[in-house]
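The sequence shown begins at 91 in the working numbering and counts up one residue at a time. Just so it is clear, CB atoms sit at the ideal spot from N, CA and C, and this is done for glycine as well. Since this is a predicted model, take the numbers as computed values, not measurements.
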Amino acid sequence: MGAHKRILMVGNGGRENALSNALLLSPQVEALYVTPANWGIVDPQAGPDGSRVQTLALQVGDHAGIVQAARDLLIDLAVVGPEQPLVDGLADELRAAGIAVLGPGRAGARLEGSKVFAKDFMARHGIPTGGFAAFTEHDEMVAHLQKLNGPVVLKADGLAAGKGVIVCANREEALDAAQRIMVDREFGSAGDVAVAEERLYGDEISFTCLVAGDQVALLASSTDYKPLLDGNTGPNTGGMGNICPTPFATVEVLAEFEERILKPFAAGLKADGLDYRGFLFIGTMLTEDGLKVLEFNVRVGDPEAQVVLPLIKADWLEVFTGVAAARLDVAGITRREGACVAVCAASANYPYGKSEPAVIEGLDRIHARGLLTPGPDGVPPVSVYFAGVGAESLASEQVAADEVRPAYTNYFAGLDRMRFLATGGRVLAVSAFGKDLSDARRIAYEVLGNLHFTGMQFRSDIGKLR
Ligand code: AMP
Ligand code: GLY
């Protein structure tokens, strides 16, 4: 493979921060453009002359702008991180312009974009999942719920930023959920169709896979901590932390996943003629009747990316370039011994609403201890991935991307000149590597203990096993 590859990273959350850091381990990356800006991306090769990271100000919904930029900047590989642009066909538009893309086109992205499409796909190809029924009319849904005996989960069919799923304890809650999704339209047009799904019980396991054509490979299994509060209580979030590997995925469970889910999935892609090139994240529940699929995500998870990628040794540029060309070569991929634990720090009003910007303190303390400095293989013991983080110059008010670029080589190198603000959502994630789960957990919490911003919320039980 020729050197000097130019990458475009679409999306600026913690997931895209982790994808960028992983790609920048490859010396063949000449430049990485991220849009919009993410101040947390670390280039291990950055020096006094700057880094390979550049920022653009294009929003992920600006498809025309992104395609134009990819052309103008002679991009060799575009990586589309979030689900919304994938569902909206950005990968197709980039491919039509001759740009190689990691991420499925609109057709494949329906596996996440429509729960009904995903359920039909699973039914057609014999992939185990909970029973379900879909409705467009509220009164038909109500009639269905009146007849049901067991507990149910109601889901808006379309994308709803991880919030369109309501797990119901009884009929009353189910009727209320139907009202919220189908009548009050809490999730907008995502609720044009609603799904009533059998409620499943068990431990959840997320499987991060790569798919190229009809070839599939499991990269890692992990456990997401979806609810906001300790003990899995409180409202659902995008994920407040993650551990990899997950102790729930025993050798038997992994074999069951390969046989009963991944193989039929690959056969299904082929049978349906779906050209899928990208990450696939399969959310499952380990029930008494075995593994059942809760959902497909057509991208790597967030914060799954923040624990899966640092645990794997690979030339990601080579792997992603292959997948973009419908070629899956996992021969060079190996797993590091050990475990990763990521703990998210969210802003004051997450997941309900916006929060006032708040200064993030303590990054300098972590940096001073050398924890963020890449080791011999380029991977630091601890990474702080940014999601809802803004930058501010200490000298003046808001700084332009260009002005910040020298500091941006590695964000911590600029800590004497700028400060970072928590601007909302899951602000950042501390991801630590350890010799085992409890070691990684100890380090992650120790490091997080150095960080502070007003209203900071985090769970204290990530990686703590019952
Ligand atoms: P999803 O976005 O479909 O993964 O749903 C979000 C969360 O809701 C999952 O991670 C589960 O915790 C829960 N959930 C979804 N479907 C079910 C189900 N059929 N039974 C029980 N819990 C579910
Ligand atoms: N952490 C779950 C997701 O990315 O959907």
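Exercise. Going by C-alpha distance, which of V390, I450 and A108 is nearest R367?
Worked result: Residue numbering aside, residue 367 sits at position 277 when the sequence shown is read from its first letter. Here the closest residue by C-alpha is V390.
Problem set entry | Assigned secondary structure, F548 (DSSP; H/G/I helix, E/B strand, else coil) | Taking the first residue of the sequence shown as 1, we reach residue 548 at position 458. Coil, per DSSP.
Exercise. At a cut-off of 7 Å, is K525 close to the ligand AMP when judged by its beta-carbon and the heavy atoms of the ligand?
Worked result: For the purposes of this step, residue 525 is identified with residue 435 of the sequence shown, where counting begins at 1. No, the Cβ of K525 stays beyond 7 Å of every heavy atom of the ligand AMP.
Exercise. Could you check where the alpha helix (DSSP H) with A416 kicks off and where it finishes?
Worked result: Working through the sequence shown from its first residue, we reach residue 416 at position 326. Taken as a continuous stretch (DSSP letters only), A416 belongs to no alpha helix (DSSP H), as it is neither H nor E.
Exercise. Among residues of its own chain, excluding the 5 on either side of G452, which ones have a beta-carbon nearer than 7 Å to its beta-carbon?
Worked result: Against the sequence shown, residue 452 aligns to sequence position 362. Excluding positions up to five away in sequence, the list reads N540, L541 and H542.
Exercise. Anyone know if the C-beta pair for D565 and G329 falls short of 8 Å?
Worked result: Since the displayed the chain opens at 91 and closes at 556, residue 565 lies outside it and no answer follows.
For this session: Measure how close the beta-carbons of D247 and A280 come, nearest whole angstrom, since I'm counting them as under 8 Å.
Result: Along the sequence shown, read from residue 1 onward, the residue named residue 247 stands at position 157. Along the sequence shown, read from residue 1 onward, the residue named residue 280 stands at position 190. Contact flag correct, Cβ pair sits at about 7 Å.
For this session: Check whether the Cβ atoms of L511 and G553 sit closer than 8 Å, and answer yes or no.
Result: As a first step, residue 511 is located in the sequence shown; it is residue number 421 there, counting from the start. As a first step, residue 553 is located in the sequence shown; it is residue number 463 there, counting from the start. Contact flag unset, no.
Exercise. In whole angstroms, what is the alpha-carbon distance linking E344 and E173?
Worked result: If you number the sequence shown from 1, residue 344 lands on position 254. If you number the sequence shown from 1, residue 173 lands on position 83. According to the sequence provided, residue 344 is Leu. The question's Glu does not apply to it. Roughly 26 Å between the two C-alpha positions.
For this session: Below 8 Å CB to CB, which residues in the same chain sit around A160 once its five sequence neighbours on both sides are set aside?
Result: The residue labelled residue 160 in the question sits at position 70 within the sequence shown. Closer than 8 Å at the Cβ level, and outside the excluded window around A160, lie L98, A168, L184, A187 and I189.
For this session: Report whether the distance from the Cβ of G329 to the nearest heavy atom of the ligand GLY is below 7 Å.
Result: Numbered from its first residue, the sequence shown carries residue 329 at position 239. Yes, Cβ of G329 sits closer than 7 Å to a heavy atom of the ligand GLY.
For this session: Taking all protein chains shown into account, decide if A404 is buried (16 or more other Cβ within 10 angstroms of its Cβ) or exposed.
Result: For this step, residue 404 is matched to residue 314 along the sequence shown. Buried, by the Cβ-count rule.
Exercise. Where does D162 fall in DSSP's three states?
Worked result: Here the question's residue 162 lines up with position 72 in the sequence shown. It is helical.
For this session: Give the straight-line distance between the Cα atoms of D182 and G195, rounded to the nearest whole angstrom.
Result: The sequence position of residue 182 within the sequence shown is 92, counting from 1. The sequence position of residue 195 within the sequence shown is 105, counting from 1. Taking the straight line from one Cα to the other gives about 5 Å.
Problem set entry | Close Cβ partners of L418 (< 7 Å) along its chain, the five nearest in sequence each way excluded | Counting from 1 along the sequence shown, the entry for residue 418 is found at position 328. Here the set comprises L300, A302, Q305, A307 and G412.
Exercise. Would you say the beta carbon of N107 comes nearer than 7 Å to a heavy atom of the ligand GLY?
Worked result: Here residue 107 is taken as the residue at index 17 of the sequence shown, counted from 1. Because no heavy atom of the ligand GLY lies under 7 Å away, the Cβ of N107 does not count as near it: no.
Exercise. Touch check for the region 344-360 and the region 215-224: three-plus C-beta pairs under 8 Å?
Worked result: yes
For this session: Would you check whether the ligand AMP has a heavy atom nearer than 7 Å to the C-beta of G220?
Result: By 1-based counting over the sequence shown, the position of residue 220 is 130. Yes, since a heavy atom of the ligand AMP falls inside the 7 Å radius drawn around the Cβ of G220.
Problem set entry | Alpha carbon of M508 to alpha carbon of F207, nearest angstrom | Start at 1 with the first residue of the sequence shown, and residue 508 comes out as number 418. Start at 1 with the first residue of the sequence shown, and residue 207 comes out as number 117. If you take the alpha carbons of M508 and F207, they lie about 47 Å apart.
For this session: Return yes when the C-beta of L167 is under 7 Å from any heavy atom of the ligand AMP, and no when it is not.
Result: Translated into the one-based positions of the sequence shown, residue 167 becomes position 77. Outside the cutoff, so no.
Problem set entry | Residue interval of the alpha helix (DSSP H) (run including A168) | Here residue 168 refers to the residue found at position 78 of the sequence shown. A168 -> not in any alpha helix (DSSP H); beta strand (DSSP E) instead, spanning L167 to V170.
For this session: Can you give me the Cβ contacts of S204 inside the same chain, cut-off strictly under 6 Å, excluding the 5 residues immediately before and after it?
Result: Within the sequence shown, numbered from 1, the residue matching residue 204 stands at position 114. So the qualifying residues of the chain are D247.
Exercise. Can the beta-carbon of P126 be found less than 8 Å from the beta-carbon of A147?
Worked result: As a working mapping, residue 126 is identified with position 36 in the sequence shown. As a working mapping, residue 147 is identified with position 57 in the sequence shown. Result yes, Cβ atoms of P126 and A147 sit closer than 8 Å.
For this session: State the DSSP-derived secondary structure class of A108, mapped to helix, strand or coil.
Result: For this step, residue 108 is matched to residue 18 along the sequence shown. Helix.
Exercise. M470 to T463, Cα distance in whole Å?
Worked result: Here the question's residue 470 lines up with position 380 in the sequence shown. Here the question's residue 463 lines up with position 373 in the sequence shown. First, the amino acid is wrong: residue 470 is Pro here, not Met. P470 and T463: Cα-Cα distance of roughly 5 Å.
For this session: Would you tell me roughly how many angstroms separate the C-alpha atoms of Q236 and D529, rounded to the nearest one?
Result: Here residue 236 is taken as the residue at index 146 of the sequence shown, counted from 1. Here residue 529 is taken as the residue at index 439 of the sequence shown, counted from 1. Those two C-alpha atoms are separated by around 49 Å.
Problem set entry | Backbone secondary structure at P325 - three-state DSSP | Taking the first residue of the sequence shown as position 1, residue 325 is located at position 235. In this structure, P325 counts as strand in the three-state DSSP scheme.
Exercise. Where does P194 fall in DSSP's three states?
Worked result: Walking along the sequence shown from the start, residue 194 turns up at place 104. P194 falls in the coil class under three-state DSSP.
Exercise. Relative to the ligand GLY, is the shortest distance from any of its heavy atoms to the C-beta of P393 smaller than 7 Å?
Worked result: Your numbering for residue 393 matches position 303 in the sequence shown. For the ligand GLY, at least one heavy atom lies less than 7 Å from the Cβ of P393.
Problem set entry | Separation of A477 from A250, as counted between CA atoms | For the purposes of this step, residue 250 is taken as the residue at position 160 of the sequence shown. For the purposes of this step, residue 477 is taken as the residue at position 387 of the sequence shown. If I take the Cα positions, the gap works out to 18 Å.
Problem set entry | Outcome for D362 when other beta-carbon atoms lying within 10 angstroms are tallied against a minimum of 16 | Taking the first residue of the sequence shown as 1, we reach residue 362 at position 272. D362 should be labelled exposed.
Exercise. Secondary structure at E227, three-state DSSP: helix, strand or coil?
Worked result: Counted from its first residue, the sequence shown places residue 227 at position 137. Three-state result, E227: coil.
For this session: Could you tell me whether the region 435-447 touches the region 544-553, where touching means 3 or more Cβ pairs closer than 8 Å?
Result: yes
Problem set entry | Residues bridged to T513 [DSSP beta-bridge criterion] | By 1-based counting over the sequence shown, the position of residue 513 is 423. In DSSP, T513 forms no bridge with anything.
Exercise. So, helix, strand or coil for D293, using DSSP?
Worked result: The sequence position of residue 293 within the sequence shown is 203, counting from 1. Here D293 sits in strand by DSSP.
Problem set entry | Length of the line joining the Cα atoms of A357 and L461 | Counting from one through the sequence shown, the residue named residue 357 turns up at place 267. Counting from one through the sequence shown, the residue named residue 461 turns up at place 371. If you take the alpha carbons of A357 and L461, they lie about 44 Å apart.
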